[in-house]
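Below is one structure, written out as structure tokens; comments come after it.
Numbering (my numbering), first residue to last: 475 to 869.
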């Protein structure tokens, strides 16, 4: 093996071999670090008139340096690497170490890939074995439990009756809550979209409510609550078989506006059981468009004996509303008169008793009647449903 000689920055002679070309070396006398000549520079200095043995050494050195990428590394990178060198490293030993390191890294990647695949196969086998061990009923129960866990993790965003923004876990839906800002009590809403529910479909309210408390000072009705100013404060009410629909919207000028959710409420003599049977025939499509029209059609086509007065069972005391106060009842249903007559009260304070209801001529938003006015005169009544503020079944 041929040795070559160069000098350090302090002119001390330093010997090296071709495999060290381009490396950073350290002078054994002054410990100065410097870069050895590159292989191309050595070849230019030697020229073409060299022995075959030296040509062979140059070729072998070129191959080794190509694998180590020392000839392709920039001067700045090689000089930075010299800061971590305390002494020159044998090129051949470093080349072998590099091969071992690459082989070890490749083996580790291969083992990791095989391990991940085995873990995936093991998990798949466990899941398949678990599915096979469960019967259909257990699978359904597990699915319901998972859905319930997801439901509990859902966070509800809603407003209290006074408009404060609140949030609660979905598992609290339907329970009583209290606003931390104003202290207002309310029922936490559910995830179900109330707009999709039919407020006139009494079969959707089969669940029996809790004992309700009524507060005459409240201006809004909570979900599932009955509300009327005519009921004394904190009057206890027994459970109804079918409670009234919960969606009630009350405004200050409710006497002059249409009610979006007509409802059955409480009469002076007590509440009634909502025992309206299914109508004798199908409601026309035109009347389905307006909530008040749909509600009137339901009352009109119900048998009078099906409106059962249960005031004696409920035993609710009655307190008359303050003078000058407009009624905030969405719709009032009392014990049906034997003739089944119904009163329609309009926003301008007039009252009409329908004698005939022309369904084919009553197209939303208009109702067409033969009726008696307040002077008991027979009139043909054409009225917009939005102007109807109260429907009363007289006792």
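Every residue, glycine too, gets a C-beta built ideally from N, C-alpha and C. As the structure is a prediction and not an experimental result, all values here were calculated from the model.
For residue i, count neighbouring C-beta atoms within 10 Å of its own C-beta (all shown protein chains included) and say buried if the count is 16 or more, exposed if not.
| i | result |
| --- | --- |
| residue 528 | exposed |
| residue 481 | exposed |
| residue 596 | exposed |
| residue 475 | exposed |
| residue 634 | buried |
| residue 818 | buried |
| residue 513 | buried |
| residue 650 | exposed |
| residue 807 | With a pLDDT of 31 at residue 807, under the threshold of 50, the predicted position of this residue should be treated as unreliable, and no value is reported. |
| residue 593 | exposed |
Comparing alpha-carbon positions, which option in the options lies nearest residue i?
| i | options | result |
| --- | --- | --- |
| residue 845 | 839, 484 and 832 | 832 |
| residue 494 | 538, 486, 855 and 589 | 538 |
| residue 826 | 842, 507, 511 and 760 | 842 |
| residue 770 | 823, 851, 824 and 857 | 857 |
| residue 490 | 764, 533 and 477 | 477 |
| residue 760 | 837, 512, 868 and 854 | 837 |
| residue 821 | 864, 849 and 835 | 864 |
| residue 776 | 757, 522 and 763 | 757 |
| residue 536 | 592, 517 and 656 | 517 |
| residue 834 | 640, 762 and 503 | 762 |
| residue 861 | 772, 764, 774 and 851 | 764 |
Between the C-alpha atoms of residue i and residue j, what's the straight-line distance to the nearest angstrom?
| i | j | result |
| --- | --- | --- |
| residue 505 | residue 586 | 44 Å |
| residue 578 | residue 524 | 40 Å |
| residue 648 | residue 654 | 18 Å |
| residue 497 | residue 509 | 6 Å |
| residue 637 | residue 646 | 19 Å |
| residue 581 | residue 492 | 32 Å |
| residue 847 | residue 853 | 7 Å |
| residue 828 | residue 659 | 41 Å |
| residue 511 | residue 574 | 28 Å |
| residue 878 | residue 866 | In this structure the chain extends from 475 to 869, so residue 878 is not present and cannot be described. |
| residue 614 | residue 621 | 11 Å |
| residue 766 | residue 839 | 9 Å |
| residue 584 | residue 661 | 59 Å |
| residue 589 | residue 629 | 39 Å |
| residue 618 | residue 643 | 18 Å |
| residue 534 | residue 500 | 24 Å |
| residue 664 | residue 641 | 12 Å |
| residue 656 | residue 631 | 17 Å |
| residue 486 | residue 591 | 59 Å |
| residue 639 | residue 859 | 34 Å |
| residue 768 | residue 652 | 35 Å |
| residue 484 | residue 520 | 24 Å |
| residue 526 | residue 532 | 10 Å |
| residue 515 | residue 479 | 13 Å |
| residue 773 | residue 830 | 13 Å |
| residue 522 | residue 530 | 13 Å |
| residue 874 | residue 850 | The structure shown has nothing for residue 874, since the chain only spans 475 to 869. |
State the DSSP-derived secondary structure class of residue i, mapped to helix, strand or coil.
| i | result |
| --- | --- |
| residue 767 | helix |
| residue 620 | helix |
| residue 928 | A question about residue 928 goes unanswered here, because the residues of the chain that appear run from 475 up to 869. |
| residue 596 | helix |
| residue 710 | Low confidence applies here, because residue 710 scores a pLDDT of 34, under 50, leaving its location unreliable; read the following figure in that light. Residue 710 falls in the coil class under three-state DSSP. |
| residue 580 | helix |
| residue 535 | helix |
| residue 647 | coil |
| residue 848 | coil |
| residue 762 | helix |
| residue 589 | helix |
| residue 659 | strand |
| residue 772 | helix |
| residue 751 | Here the model assigns residue 751 a pLDDT of 36, short of 50, so the residue's position is not dependable and the matter cannot be decided. |
| residue 816 | strand |
| residue 574 | helix |
| residue 507 | strand |
| residue 837 | coil |
| residue 517 | helix |
| residue 529 | helix |
Between residue i and chain B, is there a C-beta pair that is closer than 7 Å?
| i | result |
| --- | --- |
| residue 655 | Included in the structure is just one protein chain, with no chain B present. |
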